[in-house]
Structures are given as C-alpha cells and as structure tokens.
Amino acid sequence: MSDPPGKLDLKNPGLAALLAWLVPGLGHIYQGRTLKGVLFAITIFGLFFFGSWLGSWRVVYLRWDNEEWRFSYLAQVGAGLVALPAALDALDARPAFARIVPPLADYQSKPLSLRELELLCERMQMPRGGSAEEMQELLHVHGAKWVVTLEEVDDLHRKYGVTMHIAAIYTLIAGLMNVLVIYDAAAGPAHLREDEAEDEAKRAKEGGGVP
Amino acid sequence: MTPHTIYWHLAPLVLAVSFVYAATRHEDWTRIFWRTLFWIRYILGFLGSAFVALVLLEYFWEDWWKPALAAFAIWLAWKIYLRQTQPRNGPEAQTNGVAAPTDGKVTAKN
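From first to last, the protein sequence lines stand for chains A and B. Those letters in the first sequence? Residues 1 to 211, per the working numbering, in order. Those letters in the second sequence? Residues 1001 to 1110, per the working numbering, in order.
Laid out in structure tokens, this is it:
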C-alpha cells in the first residue's frame, strides 16, 4: 500500500484494516483516531446486535447447501468477530465452541433440517425418529445445546413476518458499513482536513461559497 | 407489527448509514456533521419520493396517465420558474446559449 495521504498517520494500514474488520472501530483506535473509532463501534455493533435481537437471534447463520444458500452471511461477516461463530458450523467446530462458551452454545447456530437431525442422532448413538422438535429436545438433554431446527426458524418467520427481514437487513447493513470503515482505516478518508482547508481557501479566492 | 411501525425502523438505519458514510469520507467533525445531515435528507428524500410514487401508482392504477400528466406539468413549471429566476451574468447567458467565440485561438490538446 502506498504512503498515507496528507498528514494523517495511518500507522500500519494492513494491521489497521484487520483490526477494523475484527472489531469495528478498533483499527481507528489503533491509529489514534479514538473518537471516530468509538463512534463506529457504537454504530456498527448497535445495528448488528439490535438486528440480531429483533430477529430473536436467528437471523445470522451460515447455511450453504441446497436447503438454503445464505448469501446474506457474506455481508454479515463484514461485522467481524461478532459474526464469526456462524462459521463454526461450516468447520464442524460447534460442539467444541459450545463446551468452551456454554451460554453462547446456540449463538448463530445453523438451523438443522429433519434429515440432519436424524444424522446427528445417529452420530451421537441416540434413538432417531419422531418430529424435529422431539429430536431437538432429546439432543438438548444429551448435551447438544446448540441444536436449532429449521422448523423453529420457520415458526419465527410465520410469527413475526416482515420483522425478521428487517432484522436481517440491520445485520447486513452493519456488515456492509464496516467494509467502508475498514477501507477508511486502510486508506484514510477521501477528504483530509488539509485538503478541505485548501479547497475552501481556493473557493473563497474564486468567490464561491462552501458547497 | 403493524405496517406503519415498520417505517420507524428506518430511522436508526438512515442515521447510522449517513453517519458512517460521512465519517469515512471526511476527517473534520464539522464537515462530518453537515454531510451526515445532507445524507439523511438525501436518503429520506429518495425514499419519500419512491413512497409517494408507489402510493400514487396504487391509487391511480387505472388512470395512470393522470399523475403522469401532473408530474410532467410540475416538472415543466419548475423548469420555467428556474429559467425566469436564473441570474443572467454567465458567459452562456450573454451569448444566449451559444459558446463564446475563441478568436481563432486553438489550444493544444495533451
């Protein structure tokens, strides 16, 4: 990456970008732009967690199969660490995560179809069959607290309707906004104070006002 | 959730988007504040226009040409108003819209 523009010291832009992705605003705090960093953190975390809460904590998850191609996660993951637990399911690391952080066992857990529930029951050497709800209860009793069913998510959609979509949009926008924040941490703002002062002086000289 | 309460969810979204966008474009806080207000107004204006257009379309579904005609009339009136009130001191106004003569001078192109 080229030298930082103007007098703004971006320190290590790559590291700042990585920090900004992991924790929105952290890249700016690392660069000494503390107020901006704190405000970015409040805004992006605010949007992300408000959206998650509005969607009963069932709008951020990763499914990438014929059951559902969850494209929205591509945007949600922009919010960084807070969206990463959803990727644990793709890495088969959910049971380990649930053991380490029991209160967050089902945080962003992938909702399972009936077939997947049966397979899980088989893998855990438990009797399979019955409804999804029954299997989920049985799995919970046997310690698989992270199990969420697709039926459960469908019920939420039936109950709350468009609110679930609005909730998802909040989390999507939080992730997408953080992409701008990452770029700002890596390359600095489009207009620096010095540039703006110069522009204003030029405009004043030409007889124009502030746009 | 009743349909009208959905719109209240727009407020924090518009505010957050406007602020983050403005803050990633500028470093000066006064500039960030004014640009945030600009984007709030811009986004709400755009969404409001789309809302009004859709409401009109629904209301005049059969006679769609009525709002279309009204919109054209408003646009025409606005153009005439602008023409009447525009200051006539620019080089284009002085030459009545015709480009100013170059006195035969040709500037070299890079």
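Note that beta-carbon positions come from the ideal geometry of N, C-alpha and C, so glycine has one too.
- Identification of chain B residues near residue 199 of chain A by a Cβ-Cβ cut-off of 7 Å yields none; the smallest Cβ-Cβ distance measures about 11 Å.
- With a minimum length of 4 residues, the unbroken runs of alpha helix (DSSP H) contained wholly in the stretch 158–208 of chain A fall at 162–187, 193–206.
- Rounded to whole angstroms, residue 37 of chain A and residue 29 of chain A show a C-alpha spacing of 5 Å.
- Boundaries of the alpha helix (DSSP H) around residue 1084 of chain B: 1065–1085.
- DSSP places residue 91 of chain A in the coil class of the three-state scheme, outside both helix and strand.
- As computed with DSSP, residue 117 of chain A is found in no beta bridge at all.
- Between residue 1024 of chain B and residue 180 of chain A, the C-beta gap is smaller than 7 Å, which places the two residues in contact.
- Against chain B, the CB of residue 180 of chain A has a partner CB under 7 Å away; the residue lies at that interface.
- For residue 125 of chain A, no alpha helix (DSSP H) run applies, since DSSP gives it neither H nor E.
- Rounded to the nearest angstrom, the Cβ distance from residue 31 of chain A to residue 185 of chain A is 7 Å, consistent with a contact under 8 Å.
- Just measuring C-alpha positions, the residue of A:154, A:152, A:155, A:120 sitting nearest residue 138 of chain A is A:120.
- Residue 1055 of chain B sits in a helix when the DSSP states are folded into three classes.
- The bridge partners DSSP lists for residue 149 of chain A are A:112.
- Residue contact with chain B for residue 47 of chain A: present (Cβ-Cβ distance below 7 Å to some residue of chain B).
- Under the Cβ distance rule, residue 42 of chain A does not count among the residues neighbouring chain B, no pair being separated by less than 7 Å.
- For the stretch 1056–1088 of chain B, the set of positions with a beta-carbon nearer than 7 Å to some beta-carbon of chain A is empty.
- Closest by C-alpha distance to residue 1067 of chain B, out of B:1086, B:1048, B:1054, is B:1054.
- At the C-beta level, residue 1040 of chain B and residue 1014 of chain B come within 7 Å of one another.
- Look at the stretch 1021–1045 of chain B: the residues with a C-beta under 7 Å from a C-beta of chain A are 1021, 1023, 1024, 1025, 1026, 1027, 1028, 1031.
- At least one beta carbon of chain A lies nearer than 7 Å to the beta carbon of residue 1016 of chain B.
- Secondary structure note for residue 1027 of chain B: it is in no alpha helix (DSSP H), with a DSSP letter that is neither H nor E.
- Beta bridge pairing from DSSP links residue 69 of chain A with A:64.
- A residue is called buried when at least 16 other Cβ atoms come within 10 angstroms of its Cβ; residue 1084 of chain B does not meet this threshold and is exposed.
- Counting C-beta pairs closer than 8 Å gives three or more between the stretch 135–154 of chain A and the stretch 96–115 of chain A, which meets the contact rule.
- For residue 76 of chain A, the CB contacts under 7 Å within the same chain, skipping 5 residues up- and downstream, are 60, 83, 171, 172, 175 in chain order.
- At least one CB atom of chain B sits nearer than 7 Å to the CB of residue 190 of chain A.
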